[in-house]
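Engineer: Supplied in structure tokens, the structure appears directly below.
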Amino acid sequence: MIVRMWEARAEPYGAADLITWVCDTALPEFEHDPMHLSSEVFSSTDHRVVVISKWRSNPRPLPEPPATLLARPPHSWDFTQVDR
Numbered sequence: 038m039i040v041r042m043w044e045a046r047a048e049p050y051g052a053a054d055l056i057t058w059v060c061d062t063a064l065p066e067f068e069h070d071p072m073h074l075s076s077e078v079f080s081s082t083d084h085r086v087v088v089i090s091k092w093r094s095n096p097r098p099l100p101e102p103p104a105t106l107l108a109r110p111p112h113s114w115d116f117t118q119v120d121r
């Protein structure tokens, strides 16, 4: 399993709109993908939005959000579980 963490910082006025875009536009683009297992969306008080998505393999990137909502471009990282 691969876990992808996607993070973006919204403009203060755009945080709610970025969350709406993630939930209503970005996630539906790949939720039907058979490699996709699940996704969760989080927000913070400093206007960050984080998506944690779990994949069997080959995670798909989120589409680019509207630039007008962003304080800076999004970043993403892939993780694999550590056996301990």
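Residue numbers (my numbering): 38 to 121.
Beta carbons: idealized from backbone N, C-alpha and C, even for Gly.
Remember, predicted model here, so these are calculated numbers, not experimental data.
(1) Between which two residues does the alpha helix (DSSP H) holding Thr57 run?
(2) Could you give the first and the last residue of the continuous beta strand (DSSP E) run that contains Arg85?
(3) Would you kindly work out how many angstroms separate the C-alpha atoms of Gln118 and Arg41, rounded to a whole number?
(4) I'd like to check one pair, Leu106 with Ala63: are the Cβ atoms closer than 8 Å?
(5) How about Met38 and Trp114: are their beta carbons less than 8 Å apart?
Structural biologist: The short version:
(1) For Thr57, the enclosing alpha helix (DSSP H) starts and ends at Ala52 to Trp58.
(2) Taken as a continuous stretch (DSSP letters only), the beta strand (DSSP E) holding Arg85 covers Arg85 to Trp92.
(3) In a straight line, the C-alpha of Gln118 is about 11 Å away from that of Arg41.
(4) It is not a contact, given that the beta carbons lie outside the stated cut-off.
(5) Not closer than 8 Å, so no.
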